[in-house]
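Quick note on numbering: the working numbering labels position 32 of the sequence shown as 33, and the sequence is numbered without any gaps.
Here a beta-carbon is modelled for each residue, glycine too, at the ideal position from N, C-alpha and C.
This one's a predicted model, so the numbers in the text were calculated from it and none came from an experiment.
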Amino acid sequence: MLFTRGNQYAIQALVLLAMQPRDKASMCRDLADTLSIPYPYLSKLMQQCAKLGLVGASRGRTGGYWLLDRAEGMSIFELIEAINGERHTRECLLGFKECADDSACVMHCEWKPVKEGMFAVLKEQSLGQLADAVRDGRCVLGDLVSA
2 MLFTRGNQYA
12 IQALVLLAMQ
22 PRDKASMCRD
32 LADTLSIPYP
42 YLSKLMQQCA
52 KLGLVGASRG
62 RTGGYWLLDR
72 AEGMSIFELI
82 EAINGERHTR
92 ECLLGFKECA
102 DDSACVMHCE
112 WKPVKEGMFA
122 VLKEQSLGQL
132 ADAVRDGRCV
142 LGDLVSA
């Protein structure tokens, strides 16, 4: 499905990093503790985000992760696509392998406009906009009021 647990955790961590100064690296364990995400799982996700060029990473006592400028301007849709690949646009609501106009499941005609509307909303929201909304107190990131 579009929002896997991994997608949710990765976007939460990226929003938190977007709220941090660019010259400050955040340790993965601190991100995991702040967001109440299992550390081993978040560590793997952050390594994937580093390989995708969304975050910078360094090891050692002063190491950690920081958001790269290109990621801040990316839409949530683009982030999910980067993390998942393009398969999320083709996934079936009922979990079938093939679900397209020419091989539709029983829910395809009902689900397609909803999915396209959801994609449109996700394409309009950038990571930076979400971070600004949390920073300004217009929304919350998990249990955080602001970071």
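Can you confirm whether residue i, when its beta carbon is compared against all beta carbons of chain B, has any partner nearer than 9 Å?
i: G54; result: Of the protein chains in this structure there is only one, and it is not chain B.
Can you tell me whether residue i is buried or exposed, with buried defined as 16 or more other CB within 10 angstroms of its CB?
i: Y66; result: buried
i: M47; result: buried
i: S149; result: Any question about residue 149 goes unanswered here, given that the chain covers just 2 to 148.
i: R33; result: One detail in the question is off: residue 33 reads as Ala in this sequence, not Arg. Buried, since its Cβ has 16 or more Cβ neighbours within 10 Å.
i: V135; result: buried
i: A121; result: exposed
i: S1; result: The structure shown has nothing for residue 1, since the chain only spans 2 to 148.
i: C100; result: buried
i: S37; result: exposed
i: V115; result: exposed
i: V141; result: exposed
i: M119; result: exposed
Taking a contact to mean a Cβ-Cβ separation below 9 Å, would you say residue i touches residue j in this structure?
i: L18; j: L53; result: no
i: C50; j: Y40; result: no
i: G143; j: Q13; result: yes
i: F150; j: C110; result: The chain is shown only over 2 to 148; residue 150 falls outside these bounds and no answer can be derived.
i: Y10; j: L43; result: yes
i: A26; j: G64; result: yes
On the DSSP bridge assignment, give the partners of residue i in chain order.
i: W67; result: G57
i: S127; result: S76
At what residue ranges does the segment 28-59 contain a whole run of the beta strand (DSSP E), taking only runs of 3 or more? 56-59
Should the segment 12-28 be regarded as contacting the segment 93-102, the criterion being three or more beta carbon pairs within less than 8 Å? no
I'd like to know if the segment 69-77 and the segment 118-128 are in contact, where contact means that at least 3 CB-CB pairs between them fall below 8 Å. yes
Does the segment 79-88 come within contact of the segment 4-12, defined as at least 3 CB pairs closer than 8 Å? yes
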